[in-house]
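Residue numbers (UniProt numbering): 1 to 220. Glycine is no exception: its CB is placed at the ideal position from the N, C-alpha and C atoms.
Written out as C-alpha cells, the structure reads:
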C-alpha cells in the first residue's frame with residue numbers, strides 16, 4: 001500500500017485522487033507530497049517518511065496530474081532498481097522480483113491531505129536545492145533520468161530525525177529497504193518467512209506521531 005499525505009498546494013492539483021482522510025496505515029509506505037513552482041513550472045516533491053528519500057516530478061501539466069498514480073509508480077520502480085544496483089549486482093530474475101514487489105506495494109494507493117513538520121522541513125531543503133540548481137543555470141529536470149540524477153544529489157544530503165539515533169543518507173536507507181524485501185522474497189522461495197510479513201515489518205517500524213490532517217480539498 002502507498003499512502004500519500006498531500007500539502008495544501010499539492011491537494012489543489014491532485015484533488016481528483018483525494019479520498020477521505022484515514023488513519024496512518026503503518027503496513028504501507030508513507031509518502032508526503034508538496035507542490036512548488038520553479039521556473040514557472042509546477043513540480044511535485046515527494047518524500048518517503050522513514051528513509052526521507054525524495055523524488056521530484058517537474059514540469060507537470062494537468063494531464064500529468066490526472067495520471068500521477070501511474071507516473072509515480074513508474075518512477076518508484078526505476079528508483080528502486082537504481083538503488084538496488086548500487087548495492088548488489090541484480091540478475092534478470094531479481095529485477096522481475098522487484099517489479100512484482102513494487103506492484104504488490106503500489107496496488108493500493110490512498111491520497112489524503114496531511115502534513116508532518118519534520119518531513120516538510122526536509123522537503124523544503126530539496127525544494128531549495130532544486131531552485132538553486134535552476135538559478136545556477138541548470139535546466140529543470142523534467143525527464144525521468146534528469147530528475148533521478150537530481151535526486152542523487154538530494155538523497156546524498158545527511159538527514160536526522162528523532163527516530164534515528166545517528167545521521168543517515170536517504171539513498172542508503174531506501175536501497176536497504178528494497179534489498180531487505182528482495183532477500184525476504186528469495187528466502188520465502190526457499191522456505192523462509194513470508195515476504196508479506198517482512199514487508200509489513202519493514203515499513204511499520206517508525207511512527208509519525210506529529211502527522212496533522214487538514215481538509216484541503218477543493219469544493220465544487
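Please report the distance separating the alpha-carbon of residue i from that of residue j.
{"i": "residue 20", "j": "residue 157", "result": "34 Å"}
{"i": "residue 45", "j": "residue 34", "result": "5 Å"}
{"i": "residue 6", "j": "residue 189", "result": "37 Å"}
{"i": "residue 177", "j": "residue 16", "result": "30 Å"}
{"i": "residue 125", "j": "residue 83", "result": "21 Å"}
{"i": "residue 95", "j": "residue 153", "result": "24 Å"}
{"i": "residue 140", "j": "residue 151", "result": "12 Å"}
{"i": "residue 175", "j": "residue 99", "result": "15 Å"}
So, with DSSP's three-state summary, where would you put residue i?
{"i": "residue 87", "result": "coil"}
{"i": "residue 168", "result": "strand"}
{"i": "residue 1", "result": "coil"}
{"i": "residue 112", "result": "strand"}
{"i": "residue 48", "result": "strand"}
{"i": "residue 55", "result": "strand"}
{"i": "residue 99", "result": "helix"}
{"i": "residue 132", "result": "helix"}
{"i": "residue 24", "result": "coil"}
{"i": "residue 193", "result": "Unreliable positioning characterises residue 193 in this predicted model, as indicated by a pLDDT of 40, which lies under 50. The coordinate reading is nonetheless provided below. If DSSP states are grouped into helix, strand and coil, residue 193 belongs with coil."}
Compare the beta carbon distance of residue i and residue j with 9 Å and say whether it is the shorter of the two.
{"i": "residue 101", "j": "residue 182", "result": "yes"}
{"i": "residue 57", "j": "residue 14", "result": "no"}
{"i": "residue 53", "j": "residue 171", "result": "yes"}
{"i": "residue 69", "j": "residue 109", "result": "yes"}
{"i": "residue 87", "j": "residue 29", "result": "no"}
{"i": "residue 79", "j": "residue 55", "result": "yes"}
{"i": "residue 71", "j": "residue 127", "result": "no"}
{"i": "residue 167", "j": "residue 160", "result": "yes"}
{"i": "residue 186", "j": "residue 97", "result": "yes"}
Taking the alpha carbon of residue i as the reference point, which residue from the options has its own alpha carbon closest?
{"i": "residue 26", "options": "2, 16, 187", "result": "2"}
{"i": "residue 24", "options": "49, 154, 81, 150", "result": "49"}
{"i": "residue 32", "options": "126, 4, 22", "result": "4"}
{"i": "residue 10", "options": "150, 86, 28, 60", "result": "60"}
{"i": "residue 75", "options": "149, 187, 161, 168", "result": "149"}
{"i": "residue 47", "options": "143, 134, 161, 120", "result": "120"}
{"i": "residue 8", "options": "81, 111, 99, 77", "result": "111"}
{"i": "residue 63", "options": "42, 175, 162, 184", "result": "42"}
{"i": "residue 163", "options": "51, 93, 113", "result": "51"}
Can you check DSSP and say which residues form a bridge with residue i?
{"i": "residue 37", "result": "42"}
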